[in-house]
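Trainee: First residue of the sequence shown? That's 1 in full-length UniProt numbering, and the numbers climb one at a time after it.
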Amino acid sequence: MSAAFDPATATIAIVTFNRSHLLSKLLDSIIVMDPKPGHVVIIDNASTDDTTSLVESYRDRIGATLVYRRLDENTGGSGGFSEGMRVAYELGSTWMWLMDDDVEVIPNGLARMGAWAPRFKSIQGRRYDYDGSEFYWQYRIAEPLGIPIPFAPAGFDESGFKPMNSGCFEGMFIHRDIVQQIGLPDPRFFIYWDDQVYGWLASRKTQSVIVNEFVLKRTREIKQWDMGIRHMNASSNAYRYYIMRNRAHIKQYYRSVGIYNPVLFGAGTALTFAKELIRLLFVERTVRGTSNLIRGIRDGRKISQDASWRPMPALDRGMIE
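(1) Is the separation between the beta-carbon of residue 34 and that of residue 111 shorter than 9 Å?
(2) According to the Cβ coordinates, are residue 45 and residue 67 closer than 9 Å?
(3) Report the residue from 198, 147, 119, 144 whose alpha carbon sits nearest the alpha carbon of residue 170.
(4) So for residue 32, helix, strand or coil by DSSP?
(5) Going by beta carbon distance, what residues of the same chain come within less than 6 Å of residue 173, once the five residues before and after it are set aside?
(6) Taking Cβ positions, are residue 191 and residue 239 nearer each other than 9 Å?
(7) Mind checking who residue 101 pairs with in its DSSP beta bridge?
(8) So who's on the other strand from residue 96, going by DSSP bridges?
(9) Within 10 angstroms of the Cβ of residue 37, are there 16 or more other Cβ atoms? Answer buried if so, exposed if not.
(10) Do you know how far the Cα of residue 23 is from the Cα of residue 292?
(11) Please classify residue 247: is it buried, with 16 or more other beta-carbons within 10 angstroms of its beta-carbon, or exposed?
(12) For residue 70, would you say it is in contact with chain C, using Cβ-to-Cβ distances shorter than 9 Å as the test?
(13) With 16 other CB atoms within 10 Å as the buried threshold, where does residue 73 fall?
(14) Residues in the same chain with beta-carbon distance under 8 Å from residue 149, minus the five sequence neighbours each way, listed in chain order, please.
(15) Can you find the residues in the same chain that come closer than 6 Å, C-beta to C-beta, to residue 80, ignoring five residues on each side of it along the sequence?
(16) State the start and end residues of the unbroken alpha helix (DSSP H) segment that holds residue 294.
(17) Measuring CB to CB, does residue 147 end up less than 9 Å from residue 258?
(18) Just reading off the alpha helix (DSSP H) that residue 205 is part of, what are its end residues?
(19) Looking at C-alpha atoms only, which residue of 40, 218, 101, 200 is the closest neighbour of residue 131?
(20) Less than 9 Å between the C-beta atoms of residue 126 and residue 216, yes or no?
(21) Alpha carbon to alpha carbon, what distance is there between residue 95 and residue 163?
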């Protein structure tokens, strides 16, 4: 059991790109948080809208030390969260709470997460969807396949938590000790699979859990296919490309820890491809976009054959800005 949670030791790290209208909702929700974090770090992926001036307008009223970093180029969510984690770590943060710009924080969300901090070091809270319904997130992966388990039980027992071997940067709450051991999120992913891999790496170092605490609400509506007990979201050509390409990065991570099984992992890749075809047909009602899946597979071969590939390194425990 660790020491009691101190909100001032936590940093909220936000990644944004050309969505100031959504970012403002998140920052408004932080203003009314109780308690508040010690720092709010905003990583701007080279936005061309009014993000910079918007952020500055919150500096004196957000109630925490605001750190703004505008990157010179769009590094994707992966690069943004890697930089956000780096800044938070160098600030000396004990806890890092990662968020996209299309959520808002429940006012007592930090207290709810902090209540679990003495017991665990890798924690995922729950989210409300755009319409206020309970958002289901696939918190467990089938490790040999490297894919989420779509029907992992949604319910909680009296313990209030469930073991997790994945992660989601929309709400990941992680202790600096774990970040030090596994390094920063890998910016090479650009988008997709990066948070699953990072959460999986964390679960190899500590007991990772999803807790029965609603702490965030999504503020952006996404086109979905209602499958009854689950939903399938719409995607994009860029996502389709990186979904397939980045399987090669997962393969390399698996090789680095000695668990790669080519037959089972190949089956996971085939299932991923099939899922994306279903998404095209039933959510987006088109077959256009298949070429991006093929291109991702092709470019992934170069990554999987790269003998110089290495996982992200552990951090210097003494990194303090």
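Glycine included, each C-beta is placed from N, C-alpha and C at the ideal position.
Mentor: Put simply:
(1) To locate residue 34, count along the sequence shown from 1; it is residue 34. To locate residue 111, count along the sequence shown from 1; it is residue 111. It is a contact, given that the beta carbons lie within the stated cut-off.
(2) Along the sequence shown, one-based indexing puts residue 45 at 45. Along the sequence shown, one-based indexing puts residue 67 at 67. No, they are not a contact pair.
(3) Translated into the one-based positions of the sequence shown, residue 170 becomes position 170. Of the candidates 198, 147, 119, 144, the one whose C-alpha sits nearest the C-alpha of residue 170 is 198.
(4) As a working note, residue 32 is residue 32 in the sequence shown. Coil at residue 32, not helix or strand.
(5) Walking along the sequence shown from the start, residue 173 turns up at place 173. Only 97, 113, 123 meet the Cβ criterion.
(6) Within the sequence shown, numbered from 1, the residue matching residue 191 stands at position 191. Within the sequence shown, numbered from 1, the residue matching residue 239 stands at position 239. Contact: yes.
(7) The sequence position of residue 101 within the sequence shown is 101, counting from 1. For residue 101, which the question treats as bridged, DSSP gives no partner whatsoever.
(8) In the sequence shown, the residue the question calls residue 96 occupies position 96. In DSSP, residue 96 forms a bridge with 11, 174.
(9) Taking the sequence shown and counting its residues from 1, one reaches residue 37 at position 37. Buried: at least 16 other Cβ atoms inside 10 Å.
(10) Here residue 292 refers to the residue found at position 292 of the sequence shown. Here residue 23 refers to the residue found at position 23 of the sequence shown. The straight-line gap from Cα to Cα measures roughly 30 Å.
(11) Against the sequence shown, residue 247 aligns to sequence position 247. With 16 or more neighbouring CB atoms inside 10 Å of its own CB, residue 247 falls in the buried class.
(12) Of the chains in the structure shown, none is chain C; there is only one protein chain.
(13) Here residue 73 corresponds to residue number 73 of the sequence shown, with the count starting at 1. Exposed, because fewer than 16 other Cβ atoms sit within 10 Å of the Cβ of residue 73.
(14) Taking the first residue of the sequence shown as position 1, residue 149 is located at position 149. For residue 149, where only same-chain residues beyond five positions count, the Cβ hits under 8 Å are 138, 140, 141, 142.
(15) As a first step, residue 80 is located in the sequence shown; it is residue number 80 there, counting from the start. Excluding sequence neighbours, residue 80 sits near 15, 43, 45.
(16) The sequence position of residue 294 within the sequence shown is 294, counting from 1. Where residue 294 is concerned, the enclosing alpha helix (DSSP H) stretches over 290 to 304.
(17) Locating residue 147 in the sequence shown gives position 147, counting from the first residue. Locating residue 258 in the sequence shown gives position 258, counting from the first residue. No, the pair does not count as a contact, with Cβ atoms beyond the cut-off.
(18) In the sequence shown, residue 205 corresponds to position 205, counting from 1. Element bounds for residue 205: n/a, residue is neither H nor E.
(19) Residue numbering aside, residue 131 sits at position 131 when the sequence shown is read from its first letter. Nearest option by C-alpha distance: 218.
(20) Along the sequence shown, one-based indexing puts residue 126 at 126. Along the sequence shown, one-based indexing puts residue 216 at 216. Yes, Cβ-Cβ distance for residue 126 and residue 216 is below 9 Å.
(21) In the sequence shown, residue 163 corresponds to position 163, counting from 1. In the sequence shown, residue 95 corresponds to position 95, counting from 1. Distance between the alpha carbons of residue 163 and residue 95: 20 Å.
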